[in-house]
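For the sequence shown, full-length UniProt numbering gives the first residue as 3, with consecutive numbering after it. Glycine is no exception: its CB is placed at the ideal position from the N, C-alpha and C atoms.
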Amino acid sequence: KKIVIVGGVAGGASTAARLRRLDENAKIIMFERGEYISFANCGLPYYIGETITERDALLVQTVEGMSKKFNMDIRNLSEVTKINKDKKTVTVKNLRTNETYEESYDYLVLSPGASPIKPPIPGIDKADNLFTLRNIPDTDAIKEFVDNKKPKKAVVVGGGFIGIEMAENLHDRGIEVTLVEMANQIMAPVDFEMASILHSHIKDKGVNLILEDGVKEFKNKGRKILLSSGKEIEADMIILSIGVRPESNLAKDAGLELGERGTIKVDETLRTSDKNIYALGDAVEVTDYINKKPTMIPLAWPANRQGRLVADHINGRNVKYNGTMGTSIAKVFDMTVASTGNNEKTLKRLGIEYKAIHIHPGSHAGYYPGAFPIALKLIFDPKDGKIFGAQGVGYDGVDKRIDVIATAIKGGLTVFNLPDLELAYAPPYSSAKDPVNMAGYVAS
Ligand code: FAD
Numbered sequence: 003k004k005i006v007i008v009g010g011v012a013g014g015a016s017t018a019a020r021l022r023r024l025d026e027n028a029k030i031i032m033f034e035r036g037e038y039i040s041f042a043n044c045g046l047p048y049y050i051g052e053t054i055t056e057r058d059a060l061l062v063q064t065v066e067g068m069s070k071k072f073n074m075d076i077r078n079l080s081e082v083t084k085i086n087k088d089k090k091t092v093t094v095k096n097l098r099t100n101e102t103y104e105e106s107y108d109y110l111v112l113s114p115g116a117s118p119i120k121p122p123i124p125g126i127d128k129a130d131n132l133f134t135l136r137n138i139p140d141t142d143a144i145k146e147f148v149d150n151k152k153p154k155k156a157v158v159v160g161g162g163f164i165g166i167e168m169a170e171n172l173h174d175r176g177i178e179v180t181l182v183e184m185a186n187q188i189m190a191p192v193d194f195e196m197a198s199i200l201h202s203h204i205k206d207k208g209v210n211l212i213l214e215d216g217v218k219e220f221k222n223k224g225r226k227i228l229l230s231s232g233k234e235i236e237a238d239m240i241i242l243s244i245g246v247r248p249e250s251n252l253a254k255d256a257g258l259e260l261g262e263r264g265t266i267k268v269d270e271t272l273r274t275s276d277k278n279i280y281a282l283g284d285a286v287e288v289t290d291y292i293n294k295k296p297t298m299i300p301l302a303w304p305a306n307r308q309g310r311l312v313a314d315h316i317n318g319r320n321v322k323y324n325g326t327m328g329t330s331i332a333k334v335f336d337m338t339v340a341s342t343g344n345n346e347k348t349l350k351r352l353g354i355e356y357k358a359i360h361i362h363p364g365s366h367a368g369y370y371p372g373a374f375p376i377a378l379k380l381i382f383d384p385k386d387g388k389i390f391g392a393q394g395v396g397y398d399g400v401d402k403r404i405d406v407i408a409t410a411i412k413g414g415l416t417v418f419n420l421p422d423l424e425l426a427y428a429p430p431y432s433s434a435k436d437p438v439n440m441a442g443y444v445a446s
């Protein structure tokens with residue numbers, strides 16, 4: 003078998019490694035447009051903030067290392083420019099030499115990811131202090147700017163995961179940060195009242211938070227930003243983090259079927275409309291695990307999981323991807339926000355009947371020092387107790403509770419089962435009635 007993979011980071015590299023483990027003889031070629039493969043996207047903000055101090059720590063695998071370890075042909079600085087699905091070949095441009103050639107495949111795997119959205123806001127092209135963050139070169143450019151230009155004021159546009167992480171990391175570098183968000187809340191996966199806790203926290207930390215306002219124009223080469231409200235803010239540097247767009251052009255040009263928001267459409271086995279072509283990761287449409295509607299959820303767990311399943315399927319295993327729940331977490335200065343499943347906003351939009359409860363138990367026994375309340379929200383079907391989702395905001399132990407509930411959802415447990423979960427307890431860690439048990443008692 004000859005398998006060609008497009009994209010050499012989260013999904014692509016996972017697929018490649020698993021392919022080799024399943025078949026010693028397969029010919030595996032992995033193309034990556036950039037210089038680096040298999041780097042730690044999720045660590046990039048923390049290198050800029052200098053929590054991660056070694057640049058090399060971001061490079062999980064190198065081209066040489068991975069080629070040798072897995073006996074595969076990895077070609078970086080190589081962009082796949084066309085899929086010729088009738089001939090079962092791809093056209094590749096070597097970005098070092100500008101040469102173009104064709105490579106054949108038995109199976110093609112697309113994991114091209116998603117790129118930062120950069121809308122045509124007036125002045126955006128002239129703003130020489132404006133950055134987006136996706137890969138190592140972006141990271142180097144931002145870090146170099148911070149190190150050398152020593153900006154005093156940064157404006158982060160967009161309050162999603164990357165925006166919030168960048169706000170914190172730039173703040174850690176001693177920069178005064180303004181965060182501008184068009185919605186009435188940051189961190190869209192959680193509901194307003196949960197995000198409000200974060201709003202207070204980041205303001206307490208000194209971040210200037212501007213909600214319900216957008217960028218109208220970048221003036222003076224990006225040194226001044228005019229907002230829709232008419233407000234003007236100064237910026238020595240700008241991070242634009244307003245979301246990502248699936249890189250589906252290759253698929254589209256090849257006539258593969260597309261899905262929600264320009265994603266690549268795939269079936270349960272992650273095959274596209276061409277049975278020899280698989281696609282996965284940020285670029286594909288997934289089924290929302292809770293409400294079963296098509297959606298796009300660009301996170302690392304789905305990319306890694308799907309990579310493994312694609313390799314399994316190519317090797318004849320009867321596997322399928324069950325959908326994405328969107329379990330996610332972020333550090334917001336001293337706090338943690340995490341969520342899984344659907345939030346109230348989504349359920350309301352879809353007209354699904356639900357009930358939500360809020361509790362504020364301690365992260366561990368109150369008599370043992372260092373316990374902080376966790377704001378925990380559980381959303382469920384009042385008819386049968388099916389868990390739709392959960393959200394947590396707090397200082398400690400939020401990750402554990404959301405992960406337990408995420409596991410409960412995948413296991414098909416209802417709110418009535420939560421009190422019966424026998425969870426680890428000693429005073430420094432929890433209470434004899436864990437917050438997850440408590441949520442179950444209150445819900446039922
Ligand atoms: P990518 O990992 O982006 O890989 C796609 C690769 O394909 C790219 O390197 C691209 O250059 C290459 N490519 C595209 N087109 C071509 C072509 N035609 N030819 C050759 N190569 C091509 N997720 C979490 O769950 N938790 C986190 O904490 C988290 N933090 C993040 C922080 C940052 C700063 C970023 C940018 C992302 C973060 N993510 C996080 C998201 C996570 O990194 C992605 O969901 C994941 O990387 C998706 O994997 P992928 O393989 O689909 O795409």
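Residue i vs residue j beta-carbon contact at 8 Å
i: Q393; j: M196; result: yes
i: T289; j: P300; result: no
i: I39; j: M74; result: no
i: M189; j: G161; result: yes
i: T83; j: V312; result: no
i: V158; j: L229; result: no
i: K233; j: G125; result: no
i: S106; j: R35; result: no
Buried/exposed call for residue i, threshold 16 Cβ in 10 Å
i: E56; result: exposed
i: P248; result: buried
i: F41; result: buried
i: I241; result: buried
i: A143; result: exposed
i: K254; result: exposed
Simplified DSSP assignment, three categories, for residue i
i: V406; result: helix
i: A305; result: helix
i: V92; result: strand
i: A373; result: coil
i: L311; result: helix
i: L62; result: The residue asked about is misnamed: residue 62 is Val in this sequence, not Leu. Reduced to three states, the DSSP call for V62 is coil.
i: Y38; result: coil
i: R77; result: strand
i: I188; result: coil
i: A156; result: strand
i: N324; result: coil
Same chain, Cβ closer than 8 Å to residue i, neighbours up to 5 away in sequence not counted
i: K385; result: E355
i: A185; result: G161, L213 and E214
i: F147; result: N131, F133, P153 and M239
Continuous alpha helix (DSSP H) stretch holding residue i: start and end
i: F163; result: F163 to D174
i: T17; result: A12 to L24
i: E66; result: V65 to F72
i: M196; result: F194 to D206
i: V349; result: Correcting the residue type first, residue 349 is Leu in the shown sequence and not Val. Unbroken alpha helix (DSSP H) run through L349: E346 to R351.
i: P248; result: Run containing P248: none in the alpha helix (DSSP H); it sits in the beta strand (DSSP E), V246 to P248.
i: T141; result: I138 to E146
i: P118; result: Per DSSP, P118 belongs to no alpha helix (DSSP H); it is in the beta strand (DSSP E), A116 to P118.
Continuous beta strand (DSSP E) stretch holding residue i: start and end
i: K294; result: Careful: K294 lies outside any beta strand (DSSP E) and carries neither H nor E.
i: I54; result: Here I54 belongs to no beta strand (DSSP E), and DSSP marks it neither H nor E.
i: G396; result: I389 to G396
i: G343; result: M337 to G343
i: A332; result: S330 to V334
Beta carbon proximity, residue i to chain D, threshold 8 Å
i: L423; result: The question asks about chain D, but that chain is absent: this structure has only one protein chain.
Residues near residue i by beta carbon distance below 6 Å, same chain, minus five either side
i: E104; result: T91 and T93
Nonlocal neighbours in the same chain, by C-beta distance under 7 Å from residue i, ignoring five residues either side
i: G115; result: G9, V11, E249, G283, D284 and A285
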